[in-house]
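Chains A and B, in that order, give the protein sequences. Going by the numbering used here, the first sequence opens with residue 28, and the numbers climb by one from there. Going by the numbering used here, the second sequence opens with residue 54, and the numbers climb by one from there. Read through the structure below, which is laid out as structure tokens, and then see the notes.
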Amino acid sequence: MGRKVGIEVSIAISEAVKLANADVVAAYPITPQTHIVEHLAELVASGELDAEYIPVESEHSAMSACLGAAATGARAFTATAGQGLELMHEVLYVASSMQLPVVMVVANRALSAPINVWGDHSDMMAVRDTGWVQIVVENGQEAVDNVLCAFCIGEDKRVLLPVMVHIDGFHLTHVVEPIVLPDQADVDDFIPPNEYPLPLDPARPVTMGSFGPPVIYPEIKKRQDVVLRESKEVILENWQRFGEAFGRYYHPVEQYRAEGAKTLLMTMGSTSETAMDAVDRMRDQGMSVGLLKLRLWRPFPFEELLQAVRDADLLVVVDRAISFGGPAGPFCSEVKAALYNQDKKPKVMGFVAGLGGRDIPVGGFEAMVHRGMEIAEKGGGEILETYGVRE
Amino acid sequence: MQNYTVFVPRLVPKKEPFAPGHRACIGCGEALAVRLACKAFPPNTIVANATGCMEVISSQYPMTAWRVPWIHVLFENTAAIASGIEAALKAMARKGLRPDDGTKVVAMGGDGGTSDIGLQALSGALERGHDLLYICFDNEAYMNTGIQRSSATPFGASTTTSPSGIKSIGQKTWKKNMAAIAAAHDIPYVATASHSYPHDLMAKVAKGIAVPGPAYIHILSVCPTGWRSAPDLSIRLGRLAVETGVFPLYEIEDGEYKMSLELPKLRPVEDYLNLQGRFRHLSEDTIKEIQERVVAEYERIKEKTG
């Protein structure tokens with residue numbers, strides 16, 4: 028059943044990687060990911076985790092070494108944040124295109140300049156289209172559970188895709204929470220052995236990463252998209268299996284007091300916990316407000332979103348990133364695009380808040396809901412509506 | 054030294070891990086160098102290949118010239134890819150996930166992928182001590198993209214981004230010394246080689262793979278397309294590069310320099326430069342400058358051999 032401990036979320040994530048028995052860890056330190064890779068180094072040094080730890084000279088090489096390891100058939104893990112994720116950007120596309128199932132935790136961090144080590148979702152949004160399965164969590168327990176699920180999902184022969192687990196930098200990485208760490212035997216039962224179908228092996232030589240001319244490239248890309256979309260079934264299957272084994276269930280779009288709500292707040296990541304308090308307050312005041320929390324960012328859960336908003340008149344989406352000069356919040360854009368062709372759909376109001384670690388208090392979510400309602404009713408509103416930004 | 058009979062075909066292994074039928078240009082020295090290097094591989098070898106000529110000519114889907122497990126990922130990260138493969142082989146053998154069959158890892162890239170964009174990843178791999186051989190197949194410019202200069206392009210060479218002109222002698226800088234850079238990582242084995250000395254090349258590759266820890270071999274690879282030379286002169290140009298002292302063949306074993314070939318007297322550099330269109334614009338003064346530098350460099354390496 029596991030044991031419940033008070034533990035820093037980063038340390039708990041490393042313990043989850045140990046429970047998953049990773050073979051290769053390649054990592055380069057970057058705030059706020061450091062505690063994860065430090066503790067993994069300790070686990071390897073103490074012999075608790077039998078893995079090769081490669082202290083690479085850059086994030087680009089961290090991801091590259093993970094690809095080499097995954098191509099050889101090893102279970103590979105890395106973690107990064109912000110600029111590190113940007114530096115490994117081009118390698119991310121290759122990981123998914125070559126179907127190499129690496130698992131990576133991203134301690135979401137703002138992007139320079141100005142240099143800022145605190146959390147927001149700019150890094151996550153920049154890697155939106157890299158073809159990875161992307162799961163967003165809101166607390167330490169969810170991080171641990173989804174790191175375990177990530178290995179099952181990515182290594183499944185129907186998927187064979189890399190998986191990112193997004194956790195908010197500092198708001199999650201550096202906080203101590205009560206977390207249930209599962210027992211090794213239960214994790215061993217839950218995660219099947221990694222059997223990569225055609226690894227680099229002199230007994231059976233394969234050519235990997237060949238040059239794809241126009242005559243084949245579009246077909247390869249189409250197939251990649253199909254595989255990522257169809258991975259949703261495997262993700263749901265593994266979350267179900269995880270729930271049955273450990274008693275905690277996960278869904279692509281999580282709901283909090285959303286039944287019958289006329290106005291729905293929509294968040295991603297750790298701010299969801301604050302947003303729940305805001306929903307409680309507004310419900311206490313008699314307002315018909317609920318919360319949707321997006322758990323599965325890629326593949327995007329279109330059906331689950333439509334289902335979740337079917338009774339709502341207004342959706343207030345909170346972004347922690349800006350699409351400069353574009354439709355403001357990338358998360359909100361996606362939600363709008365998903366709803367656009369529906370006959371019955373709520374109005375969608377987007378807000379950008381919490382950039383670079385700026386706190387969003389409970390009252391902030393209430394303010395965004397009220398402002399959203401006001402714009403929905405009276406019209407107006409800016410393309411970039413922000414909360415908590417001094418003009 | 055023009056005695057070509059030192060090449061004894063029957064002493065060359067018949068196996069061809071790098072199969073014929075690839076798309077290299079006529080007279081490509083690099084494809085020959087790769088072919089020879091592959092002949093020296095032990096049976097269990099995995100190859101990681103950087104983006105560049107060799108990847109393009111050998112792997113166009115759905116065909117492949119590779120009879121060994123081969124992976125190409127990107128341009129600048131081949132040493133890191135190879136690091137990951139080596140670490141995976143180690144961990145998996147230890148954990149009983151794959152047989153402990155002594156599989157070897159060879160990383161390869163061109164001069165751009167090695168001495169420019171891939172230098173950081175290479176330095177990391179050498180410094181960390183992975184058991185792998187890295188081979189730079191140096192044709193002295195970005196030939197695949199159309200003959201742009203790299204840090205390995207020799208002084209005076211005209212390329213598409215270091216063109217000669219009224220105000221330009223061509224490449225303004227001297228060739229980056231990659232063997233010395235690799236050796237500065239205190240790795241057990243570094244060597245230079247040439248496809249025009251096949252037995253020497255194969256022996257060095259075999260040694261570089263056998264030595265525990267990182268090894269680096271820098272192979273000068275004649276490129277008729279980029280050097281503006283006749284395709285049937287590739288072997289001779291490889292020889293002339295060595296005989297003039299432009300590209301000395303040596304090994305650095307545990308820091309000890311050793312000349313691979315005793316040259317009683319260096320030939321004049323003109324013998325080498327005059328056969329290549331990339332140097333045709335050079336003035337006598339510039340050739341003299343090159344001659345002096347080549348002799349000085351050669352003497353410096355010779356001194357190190359003590």
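Where is the CB? At the ideal position from N, CA and C, for every residue including glycine. Computed from a predicted model, the values in this text were never measured in an experiment.
Here DSSP, grouped into helix, strand and coil, assigns residue 135 of chain A to strand. By the CB criterion at 7 Å, residue 314 of chain B and residue 302 of chain B fall inside the cutoff. Nearest in C-alpha terms to residue 34 of chain A, of all of A/200, A/134, A/300, A/86, is A/200. Among the CB atoms of chain B, one or more fall inside 7 Å of the CB of residue 95 of chain A. Here DSSP, grouped into helix, strand and coil, assigns residue 218 of chain A to coil.
Below 8 Å, enough C-beta pairs join the segment 81 to 90 of chain A and the segment 122 to 139 of chain B to call them touching: three or more.
Residues 43, 46, 47, 209, 214, 217, 218, 269 of the same chain have their beta carbon placed closer than 8 Å to that of residue 175 of chain A, with the five preceding and five following residues left out of the count. Rounded to the nearest whole angstrom, the CA to CA distance from residue 215 of chain B to residue 275 of chain B is 19 Å. Cβ contact annotation for residue 227 of chain B (same chain, cutoff 8 Å, sequence separation greater than five): 207, 208, 346, in chain order. Neighbours of residue 130 of chain B in chain A, taken as residues whose beta carbon is under 7 Å from its own, are 87, 88, 91, 118 in chain order.
For residue 317 of chain A and residue 283 of chain A, the gap between their C-alpha atoms comes out near 6 Å. Counting the other CB atoms within 10 Å of its CB gives residue 284 of chain B a total below 16, which places it among the exposed residues. In the three-state reduction of the DSSP assignment, residue 194 of chain B falls in the coil class, being assigned neither a helical nor a strand state. Between residue 315 of chain A and residue 112 of chain B, the beta carbon gap of about 60 Å keeps them out of contact (Cβ cut-off 8 Å). For the segment 212 to 245 of chain B, there are no residues whose beta carbon sits under 7 Å from a beta carbon of chain A. Under the 8 Å Cβ criterion, the segment 100 to 120 of chain B counts as touching the segment 73 to 80 of chain B, having at least three qualifying pairs.
DSSP, read as helix, strand or coil, puts residue 304 of chain A in helix. With fewer than 16 other CB atoms across the displayed protein chains lying within 10 angstroms of its CB, residue 327 of chain B is exposed. The continuous beta strand (DSSP E) containing residue 378 of chain A extends over residues 374 to 379.
Per the coordinates, the alpha-carbon of residue 67 of chain B lies some 18 Å from the alpha-carbon of residue 229 of chain A. Contact of residue 107 of chain B with chain A is not assigned, every C-beta pair being separated by 7 Å or more.
Chain A places no beta carbon closer than 7 Å to that of residue 280 of chain B, leaving this residue out of the contacts. Leaving aside the five residues that flank residue 408 of chain A on each side, the residues in its chain whose CB is nearer than 6 Å to its CB run, in chain order, 402. Look at the segment 142 to 153 of chain B: the residues with a C-beta under 8 Å from a C-beta of chain A are 142, 143, 144, 145, 147, 148, 150, 151. Per DSSP, the continuous alpha helix (DSSP H) segment holding residue 152 of chain A begins and ends at 149 to 153. When DSSP states are grouped into helix, strand and coil, residue 386 of chain A belongs to the coil group. Pairwise C-beta distances place the segment 182 to 192 of chain B in contact with the segment 150 to 164 of chain B, as three or more of them are shorter than 8 Å. In terms of Cα proximity to residue 211 of chain B, the closest of B/261, B/234, B/280, B/238 is B/280. When B/153, B/255, B/85, B/125 are compared, the shortest CA-CA separation from residue 102 of chain B is found for B/125.
For the 7 Å CB-CB criterion, residue 167 of chain A and residue 39 of chain A form a contact. The beta carbon of residue 168 of chain B sits no closer than 7 Å to any beta carbon of chain A.
Beta-bridge pairing by DSSP links residue 316 of chain A to A/290.
Contact between residue 89 of chain B and residue 271 of chain B is absent: CB atoms are separated by about 15 Å, not below the 8 Å threshold.
A Cβ-Cβ distance of about 6 Å is found for the pair residue 84 of chain A and residue 173 of chain B, placing them in contact under the 8 Å criterion. If you draw a straight line from the Cα of residue 313 of chain A to the Cα of residue 385 of chain A, it is about 29 Å long. Here residue 186 of chain B is bridged, per DSSP, to B/159, B/268.
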